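Protein sequence lines correspond, in order, to chains S and U.
The opening residue of the first sequence carries number 7 in the working numbering; numbering runs sequentially from there.
The opening residue of the second sequence carries number 7 in the working numbering; numbering runs sequentially from there.
For glycine and all other residues, C-beta sits at the position ideal for the given N, C-alpha and C.
If you're wondering where the values come from, they're calculated on a predicted model, not measured in any experiment.
Number of protein chains: 2
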Amino acid sequence: MAIIRHHNQTNEITVDLSTAAVISDRVYAGFGYPSLSDMEVTTAMGLPLTYPPFVMSVSKRGLKLDQVVCQPYTVGWFGVQGKREVRLACFYLEGTVNMHARPLEGISVVVDLEKMQISEYFDRVRVPVPKADGTEYRPSTVGATTVNRITVVQPDGPGFKIDGHIIRWANWNFHLGFDVRAGVVISLASIFDVQKQEFRRVLYKAYVSELFVPYMDPTEEWYYKTFFDAGEFGFGLCTLPLEPLRDCPANAVFIDAFYAGQDGKPIRISNALCVFERYAGDVMWRHTEIGIPGEFIREVRPEVTLVVRMVSTVGNYDYIVDWEFKQSGSIEAKVGLSGVLEVKGTAYTHTDQIKEEAFGTLLAENTLGIYHDHFLSYHIDLDIDGEANSFVKNKLVTKRVKDNNSLRKSYWTVEKVTARTESEAKIKVGAEAAELVVVNPNKKTKLGNPIGYRLIPRSPPASSLLSDDDYPQIRGAFTKYDLWVTPYNNSEKWVAGLYADQSRGDHTIATWSERDREIENKDIVLWYTVGFHHVPSQEDFPVMPTLSGGFELRPTNFFEANPVLKTSVPTPVNWPNCTSLHK
Amino acid sequence: MAIIRHHNQTNEITVDLSTAAVISDRVYAGFGYPSLSDMEVTTAMGLPLTYPPFVMSVSKRGLKLDQVVCQPYTVGWFGVQGKREVRLACFYLEGTVNMHARPLEGISVVVDLEKMQISEYFDRVRVPVPKADGTEYRPSTVGATTVNRITVVQPDGPGFKIDGHIIRWANWNFHLGFDVRAGVVISLASIFDVQKQEFRRVLYKAYVSELFVPYMDPTEEWYYKTFFDAGEFGFGLCTLPLEPLRDCPANAVFIDAFYAGQDGKPIRISNALCVFERYAGDVMWRHTEIGIPGEFIREVRPEVTLVVRMVSTVGNYDYIVDWEFKQSGSIEAKVGLSGVLEVKGTAYTHTDQIKEEAFGTLLAENTLGIYHDHFLSYHIDLDIDGEANSFVKNKLVTKRVKDNNSLRKSYWTVEKVTARTESEAKIKVGAEAAELVVVNPNKKTKLGNPIGYRLIPRSPPASSLLSDDDYPQIRGAFTKYDLWVTPYNNSEKWVAGLYADQSRGDHTIATWSERDREIENKDIVLWYTVGFHHVPSQEDFPVMPTLSGGFELRPTNFFEANPVLKTSVPTPVNWPNCTSLHK
Numbered sequence: 007m008a009i010i011r012h013h014n015q016t017n018e019i020t021v022d023l024s025t026a027a028v029i030s031d032r033v034y035a036g037f038g039y040p041s042l043s044d045m046e047v048t049t050a051m052g053l054p055l056t057y058p059p060f061v062m063s064v065s066k067r068g069l070k071l072d073q074v075v076c077q078p079y080t081v082g083w084f085g086v087q088g089k090r091e092v093r094l095a096c097f098y099l100e101g102t103v104n105m106h107a108r109p110l111e112g113i114s115v116v117v118d119l120e121k122m123q124i125s126e127y128f129d130r131v132r133v134p135v136p137k138a139d140g141t142e143y144r145p146s147t148v149g150a151t152t153v154n155r156i157t158v159v160q161p162d163g164p165g166f167k168i169d170g171h172i173i174r175w176a177n178w179n180f181h182l183g184f185d186v187r188a189g190v191v192i193s194l195a196s197i198f199d200v201q202k203q204e205f206r207r208v209l210y211k212a213y214v215s216e217l218f219v220p221y222m223d224p225t226e227e228w229y230y231k232t233f234f235d236a237g238e239f240g241f242g243l244c245t246l247p248l249e250p251l252r253d254c255p256a257n258a259v260f261i262d263a264f265y266a267g268q269d270g271k272p273i274r275i276s277n278a279l280c281v282f283e284r285y286a287g288d289v290m291w292r293h294t295e296i297g298i299p300g301e302f303i304r305e306v307r308p309e310v311t312l313v314v315r316m317v318s319t320v321g322n323y324d325y326i327v328d329w330e331f332k333q334s335g336s337i338e339a340k341v342g343l344s345g346v347l348e349v350k351g352t353a354y355t356h357t358d359q360i361k362e363e364a365f366g367t368l369l370a371e372n373t374l375g376i377y378h379d380h381f382l383s384y385h386i387d388l389d390i391d392g393e394a395n396s397f398v399k400n401k402l403v404t405k406r407v408k409d410n411n412s413l414r415k416s417y418w419t420v421e422k423v424t425a426r427t428e429s430e431a432k433i434k435v436g437a438e439a440a441e442l443v444v445v446n447p448n449k450k451t452k453l454g455n456p457i458g459y460r461l462i463p464r465s466p467p468a469s470s471l472l473s474d475d476d477y478p479q480i481r482g483a484f485t486k487y488d489l490w491v492t493p494y495n496n497s498e499k500w501v502a503g504l505y506a507d508q509s510r511g512d513h514t515i516a517t518w519s520e521r522d523r524e525i526e527n528k529d530i531v532l533w534y535t536v537g538f539h540h541v542p543s544q545e546d547f548p549v550m551p552t553l554s555g556g557f558e559l560r561p562t563n564f565f566e567a568n569p570v571l572k573t574s575v576p577t578p579v580n581w582p583n584c585t586s587l588h589k
Numbered sequence: 007m008a009i010i011r012h013h014n015q016t017n018e019i020t021v022d023l024s025t026a027a028v029i030s031d032r033v034y035a036g037f038g039y040p041s042l043s044d045m046e047v048t049t050a051m052g053l054p055l056t057y058p059p060f061v062m063s064v065s066k067r068g069l070k071l072d073q074v075v076c077q078p079y080t081v082g083w084f085g086v087q088g089k090r091e092v093r094l095a096c097f098y099l100e101g102t103v104n105m106h107a108r109p110l111e112g113i114s115v116v117v118d119l120e121k122m123q124i125s126e127y128f129d130r131v132r133v134p135v136p137k138a139d140g141t142e143y144r145p146s147t148v149g150a151t152t153v154n155r156i157t158v159v160q161p162d163g164p165g166f167k168i169d170g171h172i173i174r175w176a177n178w179n180f181h182l183g184f185d186v187r188a189g190v191v192i193s194l195a196s197i198f199d200v201q202k203q204e205f206r207r208v209l210y211k212a213y214v215s216e217l218f219v220p221y222m223d224p225t226e227e228w229y230y231k232t233f234f235d236a237g238e239f240g241f242g243l244c245t246l247p248l249e250p251l252r253d254c255p256a257n258a259v260f261i262d263a264f265y266a267g268q269d270g271k272p273i274r275i276s277n278a279l280c281v282f283e284r285y286a287g288d289v290m291w292r293h294t295e296i297g298i299p300g301e302f303i304r305e306v307r308p309e310v311t312l313v314v315r316m317v318s319t320v321g322n323y324d325y326i327v328d329w330e331f332k333q334s335g336s337i338e339a340k341v342g343l344s345g346v347l348e349v350k351g352t353a354y355t356h357t358d359q360i361k362e363e364a365f366g367t368l369l370a371e372n373t374l375g376i377y378h379d380h381f382l383s384y385h386i387d388l389d390i391d392g393e394a395n396s397f398v399k400n401k402l403v404t405k406r407v408k409d410n411n412s413l414r415k416s417y418w419t420v421e422k423v424t425a426r427t428e429s430e431a432k433i434k435v436g437a438e439a440a441e442l443v444v445v446n447p448n449k450k451t452k453l454g455n456p457i458g459y460r461l462i463p464r465s466p467p468a469s470s471l472l473s474d475d476d477y478p479q480i481r482g483a484f485t486k487y488d489l490w491v492t493p494y495n496n497s498e499k500w501v502a503g504l505y506a507d508q509s510r511g512d513h514t515i516a517t518w519s520e521r522d523r524e525i526e527n528k529d530i531v532l533w534y535t536v537g538f539h540h541v542p543s544q545e546d547f548p549v550m551p552t553l554s555g556g557f558e559l560r561p562t563n564f565f566e567a568n569p570v571l572k573t574s575v576p577t578p579v580n581w582p583n584c585t586s587l588h589k
């Protein structure tokens with residue numbers, strides 16, 4: 007299906023690619039608009055520079071027009087139906103390329119995207135533009151502390167194969183795709199079971215379904231900043247070429263991605279994805295045995311994994327998205343946040359001057375880092391050894407010992423609670439001690455354990471702190487819980503709705519789940535949110551050291567035994583420094 | 007101070023090393039015993055093999071005595087004062103070296119350590135010894151799946167310096183020590199502040215203070231298994247030589263450790279520690295800027311860190327302990343759990359046969375993996391830019407918008423709550439949205455923000471599920487909260503008490519903290535528990551793929567700005583595979 011915005015309406019056109027025929031063409035009559043296109047963005051950015059009131063505002067501030075750059079921001083929904091429009095935030099370059107650090111506060115420029123012209127303009131208040139000093143991040147202008155050179159070497163080359171869209175590596179194979187909205191899409195991931203001598207399905211499909219970034223400043227120029235980066239801007243559209251040897255190590259292989267431009271022609275993003283084997287010096291498993299008299303047994307297997315990476319830069323922020331496959335059967339999803347903070351110009355130059363709420367941290371003179379969240383909702387359609395799965399909370403519950411024969415008074419045990427419907431599955435993770443498991447209730451190990459995979463958070467869960475009745479919260483209702491489980495439905499791909507721009511929250515997972523559908527022994531989808539409450543610190547300025555989060559999908563009674571017991575031990579690559587200091 | 011167990015009493019002898027004179031010699035009269043010595047362990051292990059009732063028990067089971075190996079287990083405290091004794095658990099080798107997988111259930115052997123003889127013996131019940139099949143983990147007997155060779159190369163060699171016990175690397179320096187009880191000890195860690203052109207103290211000292219592993223089976227042969235691996239067995243004493251190229255990468259430097267043997271002479275653990283620069287292919291910070299017309303700016307700094315590693319194998323389990331220093335100022339503590347599960351022999355060969363509570367997962371025929379916890383308490387004596395620090399919870403609280411000028415209804419903001427006393431500081435992490443920060447209240451950044459470091463869990467918190475009145479919980483009371491904060495006290499080093507073996511919980515952090523001492527603007531110590539509720543799965547058998555947990559200490563307004571903005575970009579090391587597939 008193609009979504010076309012044309013003549014002030016949104017057409018949903020279904021095309022049969024085999025016959026190149028339009029099967030249906032209907033006008034979408036609901037709320038919300040499709041994502042911005044890159045051509046719209048580029049055109050809208052330039053409008054203020056020839057708009058006399060804006061030119062005057064710049065001049066009144068004593069700034070140079072040719073050093074001003076504007077960026078389109080989606081406007082959200084706050085109870086009133088808006089036209090298809092964006093607000094422009096404008097920034098100042100002079101002396102730096104870090105324009106995000108130099109906002110022109112107090113100016114509001116609204117662009118009507120259908121007419122592609124400025125429809126509203128305010129110059130409400132004048133605030134100092136933060137200085138350029140200390141904002142530069144390019145190396146030509148900076149000093150250096152040093153670390154020695156270091157690289158990864160694979161004497162026999164990379165160990166994975168790329169067959170079209172299929173990646174084959176060690177005991178894994180999977181389909182690697184790209185979507186203009188989601189970015190990287192992993193699907194059809196199966197792992198070879200050495201014992202059964204067959205590939206077994208783990209994952210039907212996984213991707214970032216939405217990325218919601220609400221800012222916590224309710225004032226005029228900031229209240230609306232409640233962005234849906236996937237649905238409004240396109241997390242895939244914002245994917246940019248990776249830098250060899252820096253974004254990905256020396257043994258990486260790069261893959262281009264393509265999306266349809268505004269004219270329908272394919273646009274290439276070169277080096278959009280990279281694939282590499284990761285060796286971080288970690289241990290896959292080990293044991294030293296000194297308990298047997300006369301013997302010293304030490305077996306260690308180094309951990310080598312496969313990583314698929316992309317980076318999406320949505321304006322100021324850079325999101326490093328990793329999918330990591332482990333030979334032990336785990337899949338780890340990781341996101342690294344870097345880039346530049348969204349800052350607000352202010353008259354403050356010291357915290358002592360702050361007498362009323364500032365909604366952020368003073369990061370530099372005249373520069374506030376506004377509090378905000380990052381909520382990445384992952385669509386995780388597991389197919390654990392087949393389609394029909396159930397979601398089980400393995401609750402760890404304390405038992406009192408009633409038997410007087412024991413000297414213990416308590417212990418904990420596992421109570422398995424299968425979620426029958428959607429309402430039984432949604433949870434705030436960590437509220438109780440429980441393992442979160444997806445099982446195939448139709449299959450068991452030889453010993454009789456349910457075959458499953460477990461979801462383990464790898465960063466502190468963070469659900470939304472906004473009030474339930476607040477507009478951005480209604481639109482980003484998925485953030486109310488860390489985890490939701492739904493039955494598979496082809497029309498439910500985007501957790502905050504297909505038309506996210508100015509959506510009213512009537513097509514989010516919260517509305518889908520109101521039906522409270524059955525999810526037991528069904529093809530189910532997990533929606534897990536990797537969340538960050540971000541209180542900026544001075545270290546995040548002028549560019550932010552990566553902050554990471556994610557989750558692990560780990561086999562739990564999926565295999566009959568440790569699947570990497572029989573891993574080969576490749577001849578170690580020697581290196582002259584590998585000696586003891588004391589020998 | 008030396009602790010000497012001699013003639014049924016524990017002497018605490020203080021020695022002036024400069025004059026080689028004994029300053030004081032007092033008998034410890036409280037509860038609890040010192041750790042086992044390695045010579046005691048070795049001697050006790052052998053006793054059953056010449057003990058006629060045991061020889062008969064083995065013979066009755068049709069087993070070969072020369073294939074039996076026993077291991078000493080501490081007995082805990084269950085309300086009755088015991089002699090200084092251990093229980094032996096015995097295992098069967100025949101056909102495997104994985105003795106832990108083949109327990110001889112039903113036999114209880116108690117050894118009086120003072121007399122070094124068997125003081126109690128029961129042969130209560132006969133249970134099948136699990137088979138040897140599938141338990142072997144040495145490569146000589148197994149097949150293989152393959153991955154290509156991969157290694158780390160540093161053309162100019164490692165970039166750190168070892169000056170005695172001081173490690174200098176990039177912007178960090180710290181003291182690296184070793185303790186027979188704690189294992190690796192990091193102290194005096196300071197980071198060079200490029201802006202201030204001086205080293206600034208971050209950490210006075212950090213180490214694993216205790217490792218508590220209670221099992222969840224209240225039956226006769228298992229109820230007492232509630233081990234304090236540091237206090238009873240010695241986490242340092244159980245440190246074993248690392249395997250070059252497998253436990254640590256090719257660019258690692260190894261360091262020996264020493265401890266005092268039973269006769270007072272030094273005993274060397276060769277290659278006990280390794281230090282290496284870690285390059286996992288990750289990104290320290292990055293930004294791509296495409297918002298400036300006509301420009302494409304992409305700056306990426308690869309992440310290179312320094313890791314200090316040790317492995318302690320406490321009987322069956324292997325703990326991989328990492329301290330990772332990041333140029334961005336973070337210190338990450340990580341522990342990886344591998345090795346062999348503590349299993350229980352059983353008649354069950356299929357879960358269908360289990361009609362009453364089994365206290366574990368059926369992992370193989372006749373083999374139950376008993377539920378248990380791992381609680382590692384880290385002693386973290388931060389000295390953030392000086393000794394006097396405060397512990398602050400930056401609570402994220404929802405605010406309703408009262409101002410009708412805003413279209414927003416809510417936002418969150420930060421409320422800083424300084425813990426005045428110990429009782430105000432102890433918490434279960436994750437119960438509320440809050441950042442956990444240690445600040446120096448006497449120093450601020452130029453902008454006026456409090457100088458601090460933040461603690462971020464890197465694995466799900468797990469506090470104890472045992473009842474408060476249960477004996478092991480009284481002894482391991484630190485597990486009631488994930489985090490405690492105490493004022494520094496030289497006598498408070500071991501979170502479960504100095505004499506952990508058969509302790510009664512009268513010298514744990516819970517008793518220290520009853521005084522509810524002031525902790526504001528003091529030299530304070532954080533005690534953070536990295537916990538795991540471990541429900542064994544079949545994948546953990548016969549040897550367990552590493553499961554990791556840990557935490558990050560991250561600067562938050564410690565620096566005036568991103569401290570790695572001015573990081574050098576070493577000439578990338580090229581590699582022929584670094585090409586796009588599509589070019």
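C-beta neighbour in chain U for residue i, strict 8 Å
| i | result |
| --- | --- |
| S:Gln77 | yes |
| S:Asp2 | Residue numbering for chain S in the displayed model covers 7 to 589; residue 2 of chain S lies beyond these limits and cannot be assessed. |
| S:Leu182 | no |
| S:Glu363 | yes |
| S:Phe37 | no |
| S:Ile462 | yes |
N- and C-terminal bounds of the beta strand (DSSP E) containing residue i
| i | result |
| --- | --- |
| U:Glu338 | 337-345 |
| U:Pro220 | 204-220 |
| S:Arg481 | It is not in any beta strand (DSSP E) - S:Arg481 instead sits in the alpha helix (DSSP H) that spans 477-481. |
| S:Val47 | Unbroken run through S:Val47 is the alpha helix (DSSP H), 44-52; no beta strand (DSSP E). |
Whole-angstrom C-beta distance between residue j and residue i, which should lie under 8 Å
| i | j | result |
| --- | --- | --- |
| U:Glu46 | U:Leu119 | 6 Å |
| U:Asn179 | U:Ser193 | Contact doesn't hold; Cβ gap of about 11 Å is too wide. |
Buried versus exposed call for residue i [16 or more other C-beta atoms within 10 Å across all chains shown]
| i | result |
| --- | --- |
| S:Arg464 | buried |
| U:Ile19 | exposed |
Residue range of the alpha helix (DSSP H) that includes residue i
| i | result |
| --- | --- |
| S:Ile515 | 515-518 |
May I have a chain-ordered list of the alpha helix (DSSP H) segments no shorter than 4 residues that lie completely inside the segment 413-450 of chain U? 428-431
Where in the segment 56-117 of chain S do unbroken runs of the alpha helix (DSSP H), each at least 4 residues long, occur, reported from the N-terminal end onward? 58-66
Can you give, in chain order, each stretch of the beta strand (DSSP E) that sits fully within the segment 365-394 of chain U and has at least 3 residues? Listed in chain order, they are 366-370, 373-376, 378-388.
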